Amino acid sequence: MFDGPMGDLLKKAQEVSQNMQEKQEELAKKLIDVSVGGEMVKMTFNGKQEAISIQIDPEVIDPEDIDTLQDLILSAVNEGVRQSQKVVQEELGKQLGGLAGMNIPGINM
């Protein structure tokens, strides 16, 4: 249908599209562990940026200081989301990396 650079681009885009679905499914199974407060709060996230487990050290549970526990949980959630996003970006960037060599006018990669 298309010859030359446009045909190459379309072929590469189709390959990337096919591989993206597989990579996203693979990433969903990837686990990212985070801990904050000297490991007082530990959480595990998957590649979909979903929290799948939390462990709280009983020593951090103080009814008189609930603010500290809340801060630790928020920090763990934010760090887990940040790290899982980074993993996803790195992995998907590898998938899209082949397009960088295509030298498409007007597109900088």
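By the working numbering, the letter at position 95 of the sequence shown is numbered 78, and the numbering carries on one by one without gaps.
Beta carbons: idealized from backbone N, C-alpha and C, even for Gly.
Since the structure is predicted, the reported quantities are computational estimates derived from the model, not experimental observations.
Write down the C-beta distance between residue i and residue j rounded to the nearest angstrom, noting that I regard them as a contact closer than 8 Å.
{"i": "residue 42", "j": "residue 26", "result": "Incorrect: roughly 17 Å between the Cβ atoms, too far for contact."}
By how many angstroms is the C-alpha of residue j removed from the C-alpha of residue i?
{"i": "residue 13", "j": "residue 55", "result": "23 Å"}
{"i": "residue 49", "j": "residue -11", "result": "60 Å"}
{"i": "residue 15", "j": "residue 29", "result": "6 Å"}
{"i": "residue -7", "j": "residue 66", "result": "32 Å"}
{"i": "residue 61", "j": "residue 47", "result": "24 Å"}
{"i": "residue 3", "j": "residue 34", "result": "23 Å"}
{"i": "residue -9", "j": "residue 76", "result": "19 Å"}
{"i": "residue 40", "j": "residue 70", "result": "27 Å"}
{"i": "residue -2", "j": "residue 38", "result": "41 Å"}
{"i": "residue 10", "j": "residue 20", "result": "27 Å"}
{"i": "residue 8", "j": "residue 68", "result": "15 Å"}
Compare the beta carbon distance of residue i and residue j with 9 Å and say whether it is the shorter of the two.
{"i": "residue 32", "j": "residue -13", "result": "no"}
{"i": "residue 59", "j": "residue 18", "result": "yes"}
{"i": "residue -5", "j": "residue 74", "result": "no"}
{"i": "residue 44", "j": "residue 52", "result": "yes"}
Around the C-beta of residue i, are 16 or more other C-beta atoms found within 10 angstroms, so that it is buried, or is it exposed?
{"i": "residue 36", "result": "exposed"}
To which residues does DSSP link residue i through a beta bridge?
{"i": "residue 61", "result": "Note: residue 61 sits in no beta bridge, so no partner."}
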